[in-house]
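Structure first, commentary second.
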Amino acid sequence: MDVSFLGGPQPQRGVGVVAPFDFALDRELWRWVPDEISLHLTRTPFVPVEVSLDLARLVSEHETLDEAVRALAAAEPEVVAYACTSGSFVGGIAGERAMCEAMRRAGELPSVTTSGALLEALAELGARRVALVTPYTASVTESLEAFLGEAGTTVTGRAYLGLTRHIWKVPYRDVAAMAREAVGPGTDALFISCTNLPTYDVIPQLEAELRMPVISANQVTMWSALKRLGTRAVGPYQALLDPAARRQWPLPEQDRQLPEGQQEGGFA
(Lines of atoms letter the chains of each structure in order from A; the text may use other names.)
(Lines give C-alpha, C1' and ligand atoms only; values in the text may rest on other atoms or scores of the structure.)
Protein backbone atom coordinates (compact mmCIF):
# COMPACT_ATOMS: atom_id res chain seq x y z
CA MET A 0 0.00 0.00 0.00
CA ASP A 1 1.37 3.43 -0.95
CA VAL A 2 1.30 5.75 2.05
CA SER A 3 3.33 8.56 0.47
CA PHE A 4 0.23 10.79 0.50
CA LEU A 5 0.60 11.00 4.29
CA GLY A 6 3.68 13.15 3.84
CA GLY A 7 5.69 11.64 6.66
CA PRO A 8 5.76 12.70 10.32
CA GLN A 9 5.05 16.31 11.21
CA PRO A 10 7.97 18.49 12.32
CA GLN A 11 8.71 18.28 16.02
CA ARG A 12 10.15 20.91 18.34
CA GLY A 13 12.45 19.59 21.04
CA VAL A 14 12.83 20.15 24.78
CA GLY A 15 16.04 18.78 26.26
CA VAL A 16 15.72 17.48 29.82
CA VAL A 17 18.56 16.79 32.24
CA ALA A 18 17.34 14.57 35.09
CA PRO A 19 19.07 12.89 38.04
CA PHE A 20 20.24 9.32 37.51
CA ASP A 21 17.36 7.89 39.60
CA PHE A 22 14.58 9.75 37.79
CA ALA A 23 11.79 7.27 37.02
CA LEU A 24 8.88 9.40 35.78
CA ASP A 25 9.66 10.00 32.10
CA ARG A 26 6.08 9.16 31.21
CA GLU A 27 4.73 11.77 33.63
CA LEU A 28 6.72 14.54 31.95
CA TRP A 29 5.34 13.52 28.56
CA ARG A 30 1.75 13.90 29.81
CA TRP A 31 2.18 17.70 30.06
CA VAL A 32 3.63 18.00 26.55
CA PRO A 33 1.53 18.81 23.45
CA ASP A 34 1.75 16.54 20.41
CA GLU A 35 4.09 18.76 18.41
CA ILE A 36 6.79 18.67 21.12
CA SER A 37 9.35 15.93 21.72
CA LEU A 38 11.29 15.45 24.95
CA HIS A 39 14.94 14.44 24.75
CA LEU A 40 16.05 13.14 28.16
CA THR A 41 19.46 12.43 29.58
CA ARG A 42 20.51 11.52 33.10
CA THR A 43 23.35 12.57 35.35
CA PRO A 44 25.98 9.88 36.14
CA PHE A 45 25.19 7.43 38.92
CA VAL A 46 26.60 8.18 42.35
CA PRO A 47 26.13 5.81 45.33
CA VAL A 48 24.45 8.42 47.54
CA GLU A 49 20.89 8.40 48.89
CA VAL A 50 18.58 11.39 48.48
CA SER A 51 20.10 14.14 50.61
CA LEU A 52 21.66 17.59 50.38
CA ASP A 53 24.91 15.87 49.40
CA LEU A 54 23.22 14.17 46.46
CA ALA A 55 21.54 17.44 45.44
CA ARG A 56 24.96 19.08 45.22
CA LEU A 57 26.48 16.18 43.28
CA VAL A 58 23.79 16.04 40.58
CA SER A 59 23.92 19.80 40.04
CA GLU A 60 27.66 20.31 39.56
CA HIS A 61 28.38 22.53 36.58
CA GLU A 62 30.71 19.99 34.99
CA THR A 63 27.90 17.42 35.09
CA LEU A 64 25.45 19.89 33.59
CA ASP A 65 27.90 20.85 30.86
CA GLU A 66 28.38 17.25 29.74
CA ALA A 67 24.64 16.50 29.83
CA VAL A 68 23.65 19.58 27.84
CA ARG A 69 26.35 18.96 25.22
CA ALA A 70 25.03 15.43 24.79
CA LEU A 71 21.47 16.73 24.37
CA ALA A 72 22.60 19.26 21.77
CA ALA A 73 22.91 16.43 19.21
CA ALA A 74 19.10 16.17 19.20
CA GLU A 75 18.80 19.94 18.53
CA PRO A 76 16.37 20.95 21.27
CA GLU A 77 15.19 24.58 21.45
CA VAL A 78 15.29 24.81 25.25
CA VAL A 79 16.94 22.81 28.03
CA ALA A 80 15.32 22.04 31.40
CA TYR A 81 17.06 20.74 34.52
CA ALA A 82 14.40 18.53 36.10
CA CYS A 83 15.37 18.29 39.75
CA THR A 84 13.99 20.46 42.54
CA SER A 85 16.56 19.85 45.26
CA GLY A 86 19.48 20.03 42.84
CA SER A 87 18.33 23.49 41.75
CA PHE A 88 17.47 24.97 45.19
CA VAL A 89 20.41 23.59 47.21
CA GLY A 90 22.63 26.52 46.20
CA GLY A 91 20.04 29.21 46.84
CA ILE A 92 18.89 31.73 44.26
CA ALA A 93 22.45 32.58 43.23
CA GLY A 94 23.16 28.88 42.69
CA GLU A 95 20.02 28.46 40.58
CA ARG A 96 20.99 31.39 38.40
CA ALA A 97 24.49 30.00 37.97
CA MET A 98 23.09 26.63 36.90
CA CYS A 99 20.95 28.26 34.22
CA GLU A 100 23.93 30.22 32.97
CA ALA A 101 26.13 27.10 32.88
CA MET A 102 23.53 25.24 30.82
CA ARG A 103 22.98 28.20 28.54
CA ARG A 104 26.69 28.44 27.81
CA ALA A 105 27.02 24.69 27.21
CA GLY A 106 24.15 24.49 24.71
CA GLU A 107 23.71 28.09 23.60
CA LEU A 108 20.03 27.62 24.40
CA PRO A 109 17.45 29.08 26.79
CA SER A 110 17.67 27.10 30.04
CA VAL A 111 15.38 26.58 33.02
CA THR A 112 15.48 24.65 36.27
CA THR A 113 12.67 23.23 38.37
CA SER A 114 13.25 25.65 41.25
CA GLY A 115 13.49 28.65 38.94
CA ALA A 116 10.25 27.48 37.31
CA LEU A 117 8.67 27.21 40.76
CA LEU A 118 9.33 30.91 41.42
CA GLU A 119 7.95 31.80 37.98
CA ALA A 120 4.80 29.79 38.70
CA LEU A 121 4.25 31.41 42.10
CA ALA A 122 4.61 34.84 40.47
CA GLU A 123 2.14 33.81 37.74
CA LEU A 124 -0.39 32.81 40.40
CA GLY A 125 0.28 35.79 42.67
CA ALA A 126 1.04 33.37 45.52
CA ARG A 127 3.28 34.61 48.33
CA ARG A 128 2.16 32.25 51.12
CA VAL A 129 2.77 28.63 50.21
CA ALA A 130 2.32 25.22 51.83
CA LEU A 131 4.85 22.50 51.00
CA VAL A 132 4.62 18.76 50.46
CA THR A 133 7.91 16.91 50.03
CA PRO A 134 9.14 13.32 50.13
CA TYR A 135 12.46 14.57 51.56
CA THR A 136 14.15 14.43 54.91
CA ALA A 137 13.82 17.39 57.30
CA SER A 138 17.14 18.91 56.23
CA VAL A 139 16.30 18.88 52.51
CA THR A 140 12.82 20.28 53.20
CA GLU A 141 14.37 23.07 55.28
CA SER A 142 16.69 23.91 52.38
CA LEU A 143 13.65 24.33 50.11
CA GLU A 144 12.05 26.62 52.70
CA ALA A 145 15.24 28.70 52.82
CA PHE A 146 15.24 29.02 49.02
CA LEU A 147 11.64 30.22 49.03
CA GLY A 148 12.31 32.59 51.91
CA GLU A 149 15.19 34.12 49.98
CA ALA A 150 12.73 34.79 47.15
CA GLY A 151 10.28 36.50 49.51
CA THR A 152 7.83 33.61 49.80
CA THR A 153 6.41 32.62 53.19
CA VAL A 154 5.96 28.93 53.97
CA THR A 155 2.72 28.53 55.91
CA GLY A 156 2.91 24.78 56.53
CA ARG A 157 4.71 21.66 55.48
CA ALA A 158 4.51 17.87 55.46
CA TYR A 159 7.32 15.52 54.46
CA LEU A 160 7.98 11.79 54.30
CA GLY A 161 11.67 11.58 55.23
CA LEU A 162 12.52 9.30 52.29
CA THR A 163 16.03 8.78 50.96
CA ARG A 164 15.18 6.38 48.11
CA HIS A 165 12.37 4.97 45.93
CA ILE A 166 10.46 8.26 45.93
CA TRP A 167 8.75 7.42 42.62
CA LYS A 168 6.90 4.59 44.37
CA VAL A 169 4.90 6.91 46.69
CA PRO A 170 1.16 6.48 45.93
CA TYR A 171 -1.22 9.37 45.31
CA ARG A 172 -3.06 8.70 48.57
CA ASP A 173 0.08 9.55 50.53
CA VAL A 174 0.58 12.75 48.54
CA ALA A 175 -3.04 13.75 49.19
CA ALA A 176 -2.73 13.00 52.91
CA MET A 177 0.37 15.20 53.18
CA ALA A 178 -1.40 17.99 51.30
CA ARG A 179 -4.26 17.99 53.79
CA GLU A 180 -1.76 18.10 56.64
CA ALA A 181 0.31 20.93 55.18
CA VAL A 182 -2.42 23.39 54.13
CA GLY A 183 -3.76 25.78 56.74
CA PRO A 184 -5.42 29.21 56.92
CA GLY A 185 -3.82 31.98 54.94
CA THR A 186 -2.27 29.72 52.28
CA ASP A 187 -2.31 30.96 48.69
CA ALA A 188 -1.08 27.78 46.97
CA LEU A 189 0.33 24.32 47.59
CA PHE A 190 3.63 23.16 46.08
CA ILE A 191 4.42 19.44 45.80
CA SER A 192 8.18 19.12 45.50
CA CYS A 193 10.48 16.57 43.83
CA THR A 194 10.41 15.59 40.17
CA ASN A 195 10.53 11.94 41.21
CA LEU A 196 7.22 12.20 43.10
CA PRO A 197 4.13 11.30 40.99
CA THR A 198 1.62 14.19 40.88
CA TYR A 199 -0.08 14.47 37.48
CA ASP A 200 -3.44 12.89 38.33
CA VAL A 201 -3.69 14.19 41.88
CA ILE A 202 -3.40 17.92 41.05
CA PRO A 203 -6.99 18.62 39.85
CA GLN A 204 -8.48 16.55 42.66
CA LEU A 205 -6.49 18.43 45.31
CA GLU A 206 -7.33 21.79 43.76
CA ALA A 207 -11.03 20.95 43.94
CA GLU A 208 -10.74 19.76 47.55
CA LEU A 209 -8.42 22.46 48.91
CA ARG A 210 -9.86 25.28 46.77
CA MET A 211 -6.49 26.72 45.83
CA PRO A 212 -3.87 26.31 43.11
CA VAL A 213 -1.77 23.16 43.45
CA ILE A 214 1.52 23.05 41.56
CA SER A 215 4.15 20.33 41.36
CA ALA A 216 7.80 20.04 40.39
CA ASN A 217 7.28 18.27 37.06
CA GLN A 218 4.34 20.47 36.16
CA VAL A 219 6.17 23.78 36.67
CA THR A 220 9.26 22.46 34.85
CA MET A 221 7.31 21.57 31.71
CA TRP A 222 5.17 24.74 31.92
CA SER A 223 8.25 26.95 32.11
CA ALA A 224 10.19 25.17 29.36
CA LEU A 225 7.24 25.19 26.98
CA LYS A 226 6.59 28.88 27.63
CA ARG A 227 10.01 29.57 26.15
CA LEU A 228 8.86 27.87 22.96
CA GLY A 229 5.76 30.04 22.83
CA THR A 230 3.47 27.09 23.54
CA ARG A 231 1.54 25.77 26.53
CA ALA A 232 1.70 22.71 28.71
CA VAL A 233 -1.43 20.56 28.64
CA GLY A 234 -3.28 19.11 31.61
CA PRO A 235 -6.78 18.48 32.97
CA TYR A 236 -8.10 21.74 34.46
CA GLN A 237 -4.97 22.72 36.39
CA ALA A 238 -4.86 26.30 37.66
CA LEU A 239 -1.31 27.02 36.50
CA LEU A 240 -2.07 25.86 32.96
CA ASP A 241 -5.61 27.19 32.57
CA PRO A 242 -6.43 30.74 33.72
CA ALA A 243 -10.11 29.83 33.67
CA ALA A 244 -9.48 27.29 36.42
CA ARG A 245 -8.19 30.06 38.72
CA ARG A 246 -11.42 32.03 38.66
CA GLN A 247 -13.12 29.66 41.07
CA TRP A 248 -10.97 30.93 43.98
CA PRO A 249 -10.42 34.47 45.32
CA LEU A 250 -6.69 34.73 44.71
CA PRO A 251 -4.88 37.40 46.76
CA GLU A 252 -4.53 40.89 45.32
CA GLN A 253 -0.78 41.23 45.57
CA ASP A 254 2.08 42.84 43.74
CA ARG A 255 3.20 40.20 41.26
CA GLN A 256 6.67 41.65 40.78
CA LEU A 257 9.39 39.01 40.59
CA PRO A 258 12.18 39.04 43.21
CA GLU A 259 14.77 41.75 42.63
CA GLY A 260 17.25 40.78 39.93
CA GLN A 261 15.06 38.05 38.41
CA GLN A 262 14.17 38.53 34.77
CA GLU A 263 10.62 38.26 33.54
CA GLY A 264 10.03 34.59 32.78
CA GLY A 265 12.58 33.19 35.22
CA PHE A 266 16.26 33.16 35.99
CA ALA A 267 17.43 31.86 32.62
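Position one of the sequence shown corresponds to residue 0 (numbering that gives the first Met the number 0), numbered consecutively onward. Ideal Cβ placement from N, Cα and C applies to all residues, glycine included.
The C-alpha of Arg127 is placed about 7 Å away from the C-alpha of Asp187.
At a Cβ-Cβ threshold of 9 Å, Ala105 and Arg69 count as neighbours.
Around the beta-carbon of Ser138, fewer than 16 other beta-carbon atoms lie within 10 Å, marking it exposed. Counting every other CB atom within 10 Å of its CB across the protein chains shown gives Val46 a total below 16, marking it as exposed. For Tyr236, the number of other beta carbons within 10 angstroms of its own is below 16, and it is reported as exposed.
As summarised for the region 10-46, the continuous beta strand (DSSP E) elements at least 3 residues long and confined to that stretch are 12-18 and 36-42, given in chain order. Looking at the DSSP output, Arg128 bridges to Thr153. Under the three-state reduction of DSSP, Ala188 is assigned to strand. For Thr136, there is no enclosing alpha helix (DSSP H), as DSSP marks it with neither H nor E.
Listed in chain order, the non-local C-beta contacts of Leu228 below 8 Å within the same chain comprise Arg12, Val14, Ile36, Glu77 and Val78, local neighbours out to five positions each way being set aside. C-alpha of Ser85 to C-alpha of Ser114: approximately 8 Å in a straight line. Look at Ala120 here: in three-state DSSP terms it is helix. For Leu108, the closest alpha carbon among the candidates Asp21, Cys193, Glu206 and Leu71 is that of Leu71. The DSSP-derived three-state label of Tyr171 is helix. Lys226 and Ala232 have their C-alpha atoms spaced approximately 8 Å apart. As a beta-bridge residue in DSSP terms, Ser110 pairs with Val79. Less than 9 Å divides the Cβ of Glu95 from the Cβ of Phe146. Across the structure, Ile191 and Val48 are spaced so that their CA atoms are roughly 23 Å apart. DSSP, reduced to helix, strand and coil, places Ala158 within a strand of the structure shown. By the neighbour-count definition (other C-beta atoms within 10 Å, threshold 16), Phe88 is a buried residue.
In this structure, Thr194 keeps its C-beta atom at 9 Å or more from the C-beta atom of Tyr159.
Arg157 counts as buried, since no fewer than 16 other beta carbons sit within 10 angstroms of its beta carbon. Residue range Val213 to Ser215 is occupied by the beta strand (DSSP E) that includes Val213. About 16 Å separates the beta carbons of Val182 and Leu143, which is beyond the 8 Å limit, so they are not a contact pair. The continuous stretches of alpha helix (DSSP H) do not include Arg231, and DSSP gives it neither H nor E. Between Val32 and Ala67, the C-beta spacing is not below 9 Å. Leaving aside the five residues that flank Asp200 on each side, the residues in its chain whose CB is nearer than 7 Å to its CB run, in chain order, Tyr171.
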